[in-house]
Structure formats: C-alpha cells, structure tokens
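*Asks:* Quick note on the numbering used here: the sequence shown kicks off at 252 and runs consecutively.
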Amino acid sequence: MMKTLIAYYSRRGENYVNGSIRTLELGNTEVVAAKIKALLPDADMFRIDTARQYSPSYMTCIEEAKQELRQQARPEMKEKLESIDQYDTIILGYPNWWGTMPMVCYTFLESYDFNGKTIIPFCTNEGSGMGSSERFIKKLCPGAIVLSGTPIHGAEAQYADSEARRIAELGK
Numbered sequence: 252m253m254k255t256l257i258a259y260y261s262r263r264g265e266n267y268v269n270g271s272i273r274t275l276e277l278g279n280t281e282v283v284a285a286k287i288k289a290l291l292p293d294a295d296m297f298r299i300d301t302a303r304q305y306s307p308s309y310m311t312c313i314e315e316a317k318q319e320l321r322q323q324a325r326p327e328m329k330e331k332l333e334s335i336d337q338y339d340t341i342i343l344g345y346p347n348w349w350g351t352m353p354m355v356c357y358t359f360l361e362s363y364d365f366n367g368k369t370i371i372p373f374c375t376n377e378g379s380g381m382g383s384s385e386r387f388i389k390k391l392c393p394g395a396i397v398l399s400g401t402p403i404h405g406a407e408a409q410y411a412d413s414e415a416r417r418i419a420e421l422g423k
C-alpha cells in the first residue's frame, strides 16, 4: 500500500509578504502543507526544522540564509525521521530562499535514501517561483522520480486550495 509523507520547512514570525515585513502565526509553507494534509488524512507530516534557530528578525534571517548558501552549509535538523522506507511518495514543501530551498532541506534530502520514491515539490515564494530547487532535488536524489514543482505565491497561501488539491492528487 502506498504511503505518503508531507515534509516541509516553514518560517513563522517575521516574513516578507507583498512587499512588506509581516508577522505570521504560521509560515506560508506550513499553511499549504496543512491544506494538503486535510486532503490526504492518511499521510504523515514531518516539519523539517533546524537545531539552531534563525534570528526572529526577517532581515537578519535572510542574511543568515545567504551565508549558509554561500558556504553550502548543511544545518543540523532539530528532529529526524527514523526512516523513510515506508513512504513511496514524499511531498516536499519549502520557501524559496535565495533562488533555492533553505539549506536544511538539503540536509533532509541527504539524510535518507530516496531511490525509487516519488518527490512532489512545492515552493512558496514572493515572485521567484521554484528557483533552481527542482534541479537540486534531482541532483541530491538521483534515483527518485521528481515531479514538476508547484510554485505558490506566499501571500496567497491561505487561498491556495486549487494548488493543494493538485498536489494532493499527485500524492494519492
């Protein structure tokens, strides 16, 4: 029987939304992940998070993220899944940071064997789409089937029902 995992990284608190800094109770990617979970009640959810928290200041956080990207850092994850062997499909959500995924998503992808699994990426962003993230997912997971990603405008995350339905259909 096919089992699906919804794994996502999302930033709560200060975020860039439609040209200004706003404080979000839930990050945009988390909002979309919850919509997908509601459509796939049997799927498991896993929040990808860093062991060391980023600055609560959005402007400082993006500088930290830029530094991680320059260094090709692999931040330690706060928690790990014991295994992903039981999953056939992984729905992977993340914000677009500097044209790609947050570096902790690289840590996540390098921590498990995705050979033979299907990865369905979605990315919240404020206009930069998927960036180069799909290419990097394919590079990090050469034995996986990586479907075309779904870019979601972060400011519209709460209204992204049709995008969530599309992703959930792919994850069935």
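For each residue, glycine too, the CB sits at the ideal point set by N, CA and C.
Taking the CB atoms as reference points, tell me whether alanine 408 and asparagine 269 lie closer together than 7 Å.
*Replies:* Taking the first residue of the sequence shown as 1, we reach residue 408 at position 157. Taking the first residue of the sequence shown as 1, we reach residue 269 at position 18. For alanine 408 and asparagine 269, no; Cβs fall outside 7 Å.
*Asks:* Can the beta-carbon of cysteine 374 be found closer than 7 Å to that of glycine 400?
*Replies:* Translated into positions along the sequence shown, residue 374 becomes position 123. Translated into positions along the sequence shown, residue 400 becomes position 149. Yes.
*Asks:* Given that a residue counts as buried once 16 or more other Cβ atoms are within 10 Å of its Cβ, and exposed if not, what is lysine 423?
*Replies:* Translated into the one-based positions of the sequence shown, residue 423 becomes position 172. Classification of lysine 423: exposed, given that the 10 Å Cβ count is below 16.
*Asks:* Ends of the beta strand (DSSP E) at threonine 340?
*Replies:* Counted from its first residue, the sequence shown places residue 340 at position 89. First-last of the beta strand (DSSP E) with threonine 340: 340-346.
*Asks:* For glutamine 272, count neighbouring Cβ atoms within 10 angstroms of its own Cβ and tell me buried if that reaches 16, exposed if not.
*Replies:* Looking up residue 272 in the sequence shown gives position 21. Residue identity differs from the one stated: residue 272 is isoleucine in this sequence, not glutamine. So isoleucine 272 counts as exposed.
*Asks:* Glycine 367: which of Met253, Glu377, Ala395, Trp348 sits nearest, CA to CA?
*Replies:* Counting from 1 along the sequence shown, the entry for residue 367 is found at position 116. For glycine 367, the nearest C-alpha among the options comes from Ala395.
*Asks:* Using only CA atoms, which one of Gly380, Thr369, Ile388 lies nearest to lysine 254?
*Replies:* Residue numbering aside, residue 254 sits at position 3 when the sequence shown is read from its first letter. Measuring from the Cα of lysine 254, the nearest candidate turns out to be Thr369.
*Asks:* Thinking methionine 328 and threonine 358 are a contact (beta carbons under 8 Å), I'd like their distance in whole angstroms, please.
*Replies:* Your numbering for residue 328 matches position 77 in the sequence shown. Your numbering for residue 358 matches position 107 in the sequence shown. Between threonine 358 and methionine 328 the Cβ distance is about 6 Å, and since that is below 8 Å, they are a contact.
*Asks:* What are the partner residues of glycine 264, as DSSP defines its beta bridges?
*Replies:* In the sequence shown, the residue the question calls residue 264 occupies position 13. Leu275.
*Asks:* Residues in the same chain with beta-carbon distance under 6 Å from aspartate 295, minus the five sequence neighbours each way, listed in chain order, please.
*Replies:* As a working note, residue 295 is residue 44 in the sequence shown. Here the set comprises Leu256.
*Asks:* Would you list the residues sitting across from isoleucine 396 in a DSSP beta bridge?
*Replies:* Locating residue 396 in the sequence shown gives position 145, counting from the first residue. The partner list for isoleucine 396 (beta bridge, DSSP) reads Thr369.
*Asks:* Using only the alpha-carbon positions, how far apart do asparagine 266 and valine 355 sit?
*Replies:* Position 15 of the sequence shown holds residue 266. Position 104 of the sequence shown holds residue 355. Rounded to whole angstroms, asparagine 266 to valine 355 spans 18 Å at the Cα level.
*Asks:* Beta-carbon separation of tyrosine 305 and glutamate 315 under 7 Å?
*Replies:* For the purposes of this step, residue 305 is taken as the residue at position 54 of the sequence shown. For the purposes of this step, residue 315 is taken as the residue at position 64 of the sequence shown. Yes. Within cutoff.
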